[in-house]
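Beneath this line is the structure, given in structure tokens, with notes to follow.
There are 4 protein chains.
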Amino acid sequence: MGILRFSYRSELLSLTTNITVCYPTASLTTSLGYQDPHAEVKGKKAYRPGMKFQTVYLLHGGGEDDTVPYRYTQLEQFAERNMVMLVSPSVNDSLYANTKYGFKYFDYVTQELPVVVQSLFASAPGRSNTFAVGLAMGGNGALALGLKRPDLYEAVVDLSGGIGMTLDRVGYMESLDWEFPIVRNTLPGKDEYAGSEHDLRSCAEEIIAGGKQAPAFFIGVGSEDFIRDRVYNDYRVLDELGLNVSYEEAPGLGHDYGFWNLYLDKALSTWLPLKRTPIYGDE
Amino acid sequence: MGILRFSYRSELLSLTTNITVCYPTASLTTSLGYQDPHAEVKGKKAYRPGMKFQTVYLLHGGGEDDTVPYRYTQLEQFAERNMVMLVSPSVNDSLYANTKYGFKYFDYVTQELPVVVQSLFASAPGRSNTFAVGLAMGGNGALALGLKRPDLYEAVVDLSGGIGMTLDRVGYMESLDWEFPIVRNTLPGKDEYAGSEHDLRSCAEEIIAGGKQAPAFFIGVGSEDFIRDRVYNDYRVLDELGLNVSYEEAPGLGHDYGFWNLYLDKALSTWLPLKRTPIYGDE
Amino acid sequence: MGILRFSYRSELLSLTTNITVCYPTASLTTSLGYQDPHAEVKGKKAYRPGMKFQTVYLLHGGGEDDTVPYRYTQLEQFAERNMVMLVSPSVNDSLYANTKYGFKYFDYVTQELPVVVQSLFASAPGRSNTFAVGLAMGGNGALALGLKRPDLYEAVVDLSGGIGMTLDRVGYMESLDWEFPIVRNTLPGKDEYAGSEHDLRSCAEEIIAGGKQAPAFFIGVGSEDFIRDRVYNDYRVLDELGLNVSYEEAPGLGHDYGFWNLYLDKALSTWLPLKRTPIYGDE
Amino acid sequence: MGILRFSYRSELLSLTTNITVCYPTASLTTSLGYQDPHAEVKGKKAYRPGMKFQTVYLLHGGGEDDTVPYRYTQLEQFAERNMVMLVSPSVNDSLYANTKYGFKYFDYVTQELPVVVQSLFASAPGRSNTFAVGLAMGGNGALALGLKRPDLYEAVVDLSGGIGMTLDRVGYMESLDWEFPIVRNTLPGKDEYAGSEHDLRSCAEEIIAGGKQAPAFFIGVGSEDFIRDRVYNDYRVLDELGLNVSYEEAPGLGHDYGFWNLYLDKALSTWLPLKRTPIYGDE
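Take a look at the structure:
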């Protein structure tokens, strides 16, 4: 793989921020030249100016940043095998939300980041080329991306979500009272929540009511994860509302990188409907 | 600016190697949308999928790597002001040559690197969009790029070159006897040199003889630089051969970042015939 | 110089965060061996297990992170010449404060960071070895460090401060009404401010009243900086209160890296009472 | 974990080079204060100025650099669980040798690197705190470190070595004729090899003859690895010479990160005789 960390100043955040990007370069070769990018040399595809990759926005968990999932798993190799590009923003425990205290991380991730990434890197535009996968806090982030912007993502994967934005209003209200203050510091209080931009159940109902195309949802959690019931509940509500959702529980696994290393592989290799090939400009 | 360090495995080198890339992102905005990329908002140009930048290959000196010129100068700001993208390979004291001991850095920098960079990043293809600027060992590297591949570079800048490939055959022979063994370890000995791929004078003569288009050459050196005479000599030979070359000597300056910080600015802001604007796909 | 970026999870922030550290390695040599670290070889001092460096906490400005001051100035070289170690945290526009929304950046920078840095890196402990220098938002951060923890810093430098914590209560109240919402999102409102931990005037008065040893304060600003009056005002109040403070205004310079590149050099080379030598364990 | 990449100029290499260092920071806390570093808070040990860690030099393979093993495995977590610090140099396919073409990587790794790392980072000095683990080309590198400098390493691990320095003189001679030119470009030819600094069998015989203390050797390889016989042969010679060596073959595994991820865990968690605790200054 090729990997990089890009540091630039985001306009929407008004912050210098980091993005990790990885490309499946071990499967690419310059030796094919420009004549026939679709040919293969020893199983490799051509580098070619103007080529693009399907893109998975890979969302880190709470307390982490854009580097951690790459460091704690074998994620680069999973992306390599599936010929997909990964992009990870760093969201500073914002729950991937437009926070009460000013930083608009949701708008950043859904509006600014794709334009920047498609402008500066070889990321294929278009809903059918765009996916989101998140773990822990990033799992809820992925749900929020898919439910609030169903026009942008072909499919989303929530691994062990449960903290932050959720489809379960009762669960949300409880989370405002947790000893752990992040939800109440970041998202609206009891009175402002229902129907707000953070109320994912409203977003899901709007998709149904509006007859909008929704992403495919995939949800996975370890059977021993302390947050298992909340994750299951998000699945249950999506399923009851009639959205296209799969759920898988991993027996014996918990809320840690033992589970995530396995399921990031599964998400990229099995769940997501990826093309698993570069996209050349003549297509 | 936006800056990144890309780590990937080069095919030609068969090494995991680093590339520093910087983009003039402080002059870009997502707020213009896609409708009119040529409009300006507060002096900024639009991010737009498919946009490209003119590209300067910025070549580090001996004992350095791809990060050092960025760390020791205000180079990011010079690139920003001139709306150009910078790309720096890391060449491990190879003199930017195909070394005797196996690593083909010249082929890497001129053949593989541009294809990779134009495939994965927003680097505009084409000779008229491609420049090379080097300092110290990288100055000779830039000369070599321009003389051996005049088809690839619109203009090249040599700042304080003098070590490695040169237009002065007598000087080259002397450098084989230096206490400092890098030239004799890397490049051909006395008997194999003349007419070899490393003999820049032959390359220059071929350009003239073949009536090929040559890049514009710009050479700068500090008057107090220990290597000043060798740099001047490269200028003199280029000029005598009738190539398009400018020479400037900075009074009182030496072989260090005092000189390079000033002259990297001059090279990007004044010498190179840059467009100083992004290139959008509809152009 | 040697430079690194350390990524680890801060306990107080409960975030994976980045720290830039640079060491004056160009002035060090392994060739001296262990026998006589005080000898010099070609002007270099010895690497020696157990050696320590005086440490300057270098505080970035608003919208920046730990990397920006190093990228936009020649800071590594200024540190090299003064044989000092630099440490920069990344504070996500928190004004170096314990924010209303939960992240305790002030405690992180003053309590956790020094312990971590002195445990994992060669940073000399003790007030006489510890300094803070900040630019823009980091200038006010440096003032806050010196006034709230006068026991920790020998001297602090504020370059172009003005946003966030200040000695001017009237100015603070005005800043709550700025269109720019960062101050009111981060720090206390009008009613809670006076006497709070964020009220630097109270802190300064306590130092005087308690007869505590204060750091030496150095304040610099460009004459054309839009924030010049607020910076001058912080100087004026410190001076009126009888603290040890110097002020310098740079004619014709503004709120940008033209000024900061010059004055970071001045701060490290002239203002701060540095030893300009490593500290070996036998001293 | 905490991880960093340090870029500095090596004296012996005369190159700006990268070192990856990781620390087991997830197991450390600042909340214990300085009074009792041996106490534990929720299973964590204290950060404390002057603390040190046992250090494993982790040697990357051919075509890789200091970052690759961390990116392709879960190595940070293995180091975390075993409370050990990892240090990885980047050796540019030099076979960890003093190369024919001038770069003295062996001297760099064994003489300069430990002094630099112990001077700038919290690496415990002394043979009993120092280990080497390598994979592929790095496996032979680890053998060479242990056999040529038995005074420096308590134990070394060779995972899937086989290329470069070896204990098998016949195999070495054959490798000079490989299509793959790295051995003959880097190491001595047939006539100069026997008894040279690169002839590991001589080094092993000297240890025995001199009655020197040797490190413990651990060798592992996948049963399906193409290089399996060469690895086994290195084991066989060490064993015949009477050195302390273990050998383990992993059924069904090959020369890839499937094997290395498992066996790096095994090496750190089981094979190496680590203390698995920080070392505080009062011990």
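Protein chains in written order, with my numbering: chain A, 150 to 432; chain B, 150 to 432; chain C, 150 to 432; chain D, 150 to 432.
Quick reminder that beta carbons are idealized off the backbone N, C-alpha and C, glycines included.
Source: prediction; values computed, not measured.
Beta-carbon proximity check, V282 of chain A vs A399 of chain A, cutoff 8 Å | The residue given as residue 282 of chain A occupies position 133 in the first sequence. The residue given as residue 399 of chain A occupies position 250 in the first sequence. Result no, Cβ atoms of V282 of chain A and A399 of chain A do not sit closer than 8 Å.
Please determine, among B:Y157, B:T179, B:E373 and B:G403, the residue with the shortest C-alpha to C-alpha distance to K191 of chain B.
-> What you label residue 191 of chain B is simply residue 42 of the second sequence in a count that begins at 1. Of B:Y157, B:T179, B:E373 and B:G403, the residue nearest in Cα terms is B:T179.
F202 of chain A and Y157 of chain A look like a contact to me (Cβ under 8 Å); what is the Cβ gap, rounded to whole Å?
-> Reading the first sequence from its first residue, position 53 is the one you call residue 202 of chain A. Reading the first sequence from its first residue, position 8 is the one you call residue 157 of chain A. So it is not a contact: roughly 20 Å between Cβ atoms.
Any idea if G401 of chain A is buried or exposed, counting beta-carbon neighbours within 10 angstroms, 16 or more meaning buried?
-> For this step, residue 401 of chain A is matched to residue 252 along the first sequence. Classification of G401 of chain A: exposed, given that the 10 Å Cβ count is below 16.
Look up L316 of chain A in the DSSP assignment and say whether it is helix, strand or coil.
-> Counted from its first residue, the first sequence places residue 316 of chain A at position 167. DSSP places L316 of chain A in coil when its eight states are reduced to three.
Under a three-way DSSP split, which group does P238 of chain C fall into?
-> For this step, residue 238 of chain C is matched to residue 89 along the third sequence. Strand, per DSSP.
Would you say I152 of chain A reaches chain B, if we count a Cβ-Cβ gap shorter than 8 Å as a contact?
-> Counting from 1 along the first sequence, the entry for residue 152 of chain A is found at position 3. I152 of chain A counts as touching chain B.
Hey, is the stretch 157 to 169 of chain C in contact with the stretch 205 to 217 of chain A, meaning 3+ C-beta pairs nearer than 8 Å?
-> yes
Select from the stretch 191 to 222 of chain B all residues with a C-beta closer than 7 Å to any C-beta belonging to chain A, and list them in chain order.
-> Y196, R197, P198 and M200
Using a Cβ-Cβ distance under 8 Å, would V258 of chain C count as near chain D?
-> Counting from 1 along the third sequence, the entry for residue 258 of chain C is found at position 109. By this cut-off, V258 of chain C is not an interface position.
Give a yes or no on whether the minimum CB-CB distance between E225 of chain C and chain B is below 8 Å.
-> Locating residue 225 of chain C in the third sequence gives position 76, counting from the first residue. Interface residue, yes.
With T444 of chain D as the anchor, note down where its beta strand (DSSP E) starts and where it stops.
-> Because chain D in this structure spans residues 150 to 432, residue 444 of chain D falls outside the shown range and cannot be described.
Evaluate the contact criterion for the stretch 367 to 387 of chain A versus the stretch 326 to 346 of chain A: three or more CB pairs, one atom per stretch, below 8 Å.
-> no
Segments assigned alpha helix (DSSP H), at least 4 residues, entirely inside the stretch 369 to 405 of chain D = 377 to 389
Cβ-based burial, A358 of chain B [other Cβ within 10 Å; buried from 16] | Position 209 of the second sequence, counted from the start, is the residue given in the question as residue 358 of chain B. Per the 10 Å Cβ criterion, exposed.
Since V170 of chain D sits in a beta bridge, which residues does DSSP pair it with?
-> For the purposes of this step, residue 170 of chain D is taken as the residue at position 21 of the fourth sequence. For V170 of chain D, which the question treats as bridged, DSSP gives the partners D:L153 and D:V236.
Give the interface partners of N410 of chain B over in chain C, defined as CB-CB distance under 9 Å, in chain order.
-> The residue you call residue 410 of chain B lines up with position 261 of the second sequence. Near N410 of chain B (Cβ distances below 9 Å), the residues of chain C are Q223.
Run down chain D in chain order and give the residues with a C-beta less than 9 Å from the C-beta of S156 of chain B.
-> The residue given as residue 156 of chain B occupies position 7 in the second sequence. Here the neighbours are D214, T216, V217 and R220.
Thinking S309 of chain C and M200 of chain D are a contact (beta carbons under 8 Å), I'd like their distance in whole angstroms, please.
-> The sequence position of residue 309 of chain C within the third sequence is 160, counting from 1. The sequence position of residue 200 of chain D within the fourth sequence is 51, counting from 1. About 38 Å; that fails the 8 Å criterion.
Have a look at the DSSP bridge pairing and note the partners of N247 of chain B.
-> By one-based count along the second sequence, residue 247 of chain B stands at place 98. Answer by DSSP bridge pairing, in chain order: B:K253.
May I ask which residues mark the beginning and end of the beta strand (DSSP E) holding A304 of chain A?
-> Within the first sequence, numbered from 1, the residue matching residue 304 of chain A stands at position 155. Taken as a continuous stretch (DSSP letters only), the beta strand (DSSP E) holding A304 of chain A covers A304 to L308.
Cβ of F473 of chain A less than 8 Å from any chain B Cβ?
-> This structure cannot settle anything about residue 473 of chain A, because the visible part of chain A is limited to 150 through 432.
Along the chain, where does the alpha helix (DSSP H) that runs through A335 of chain B open and close?
-> On the second sequence, residue 335 of chain B is found 186 positions in, with the first residue counted as 1. In the sequence on display, residue 335 of chain B carries Thr and not Ala. Note, T335 of chain B: alpha helix (DSSP H), I331 to T335.
Which residues in chain A sit within 8 Å of S180 of chain B, going by Cβ to Cβ distance?
-> Reading the second sequence from its first residue, position 31 is the one you call residue 180 of chain B. Residues of chain A passing the Cβ test: E160.
Kindly indicate which three-state DSSP category S351 of chain B falls into: helix, strand or coil?
-> Within the second sequence, numbered from 1, the residue matching residue 351 of chain B stands at position 202. Helix.
Is T222 of chain D buried or exposed, if buried means 16 or more other CB atoms sit within 10 Å of its CB?
-> Working through the fourth sequence from its first residue, we reach residue 222 of chain D at position 73. Label assigned to T222 of chain D: buried.
Tell me whether S277 of chain D sits in a helix, a strand or coil according to DSSP, three-state version.
-> Counted from its first residue, the fourth sequence places residue 277 of chain D at position 128. Three-state DSSP puts S277 of chain D in a helix.
Would A399 of chain D count as contacting chain C if we go by Cβ distances under 8 Å?
-> Residue numbering aside, residue 399 of chain D sits at position 250 when the fourth sequence is read from its first letter. No, A399 of chain D lies away from the interface with chain C (no Cβ there is under 8 Å from its Cβ).
Quick one: Cα of S159 of chain C to Cα of E261 of chain C, how far?
-> Mapped onto the third sequence, residue 159 of chain C falls at position 10. Mapped onto the third sequence, residue 261 of chain C falls at position 112. Taking the straight line from one Cα to the other gives about 8 Å.
When DSSP builds the beta bridges, which residues end up paired with F366 of chain C?
-> Along the third sequence, read from residue 1 onward, the residue named residue 366 of chain C stands at position 217. Bridge partners of F366 of chain C: C:V305 and C:V394.
K361 of chain C in three-state terms, based on DSSP | Your numbering for residue 361 of chain C matches position 212 in the third sequence. The answer is coil: DSSP assigns K361 of chain C none of H, G, I, E or B.
So, is the C-beta of Q174 of chain B closer than 8 Å to a C-beta in chain A?
-> By 1-based counting over the second sequence, the position of residue 174 of chain B is 25. It should be noted that the sequence gives Thr, not Gln, for residue 174 of chain B. Yes, its Cβ sits closer than 8 Å to a Cβ of chain A.
At 9 Å on the CB atoms, spell out the chain C contacts of L336 of chain A, in chain order.
-> Counted from its first residue, the first sequence places residue 336 of chain A at position 187. Near L336 of chain A there are no residues of chain C at all, since even the closest Cβ is about 11 Å away, more than 9 Å.
Closer than 7 Å by C-beta to K193 of chain C: which residues in its own chain qualify, once you throw out the five before and the five after it? Chain order, please.
-> Counting from one through the third sequence, the residue named residue 193 of chain C turns up at place 44. Answer for K193 of chain C: S176, L177 and T178, listed in chain order.
Of all Cβ atoms in chain C, is any one closer than 8 Å to the Cβ of T165 of chain A?
-> Along the first sequence, read from residue 1 onward, the residue named residue 165 of chain A stands at position 16. It does; some Cβ of chain C falls within 8 Å.
Mind checking D340 of chain D: buried by the 16 CB within 10 Å criterion, or exposed?
-> Here the question's residue 340 of chain D lines up with position 191 in the fourth sequence. Looking at its Cβ environment, which holds fewer than 16 other Cβ atoms inside 10 Å, D340 of chain D is exposed.
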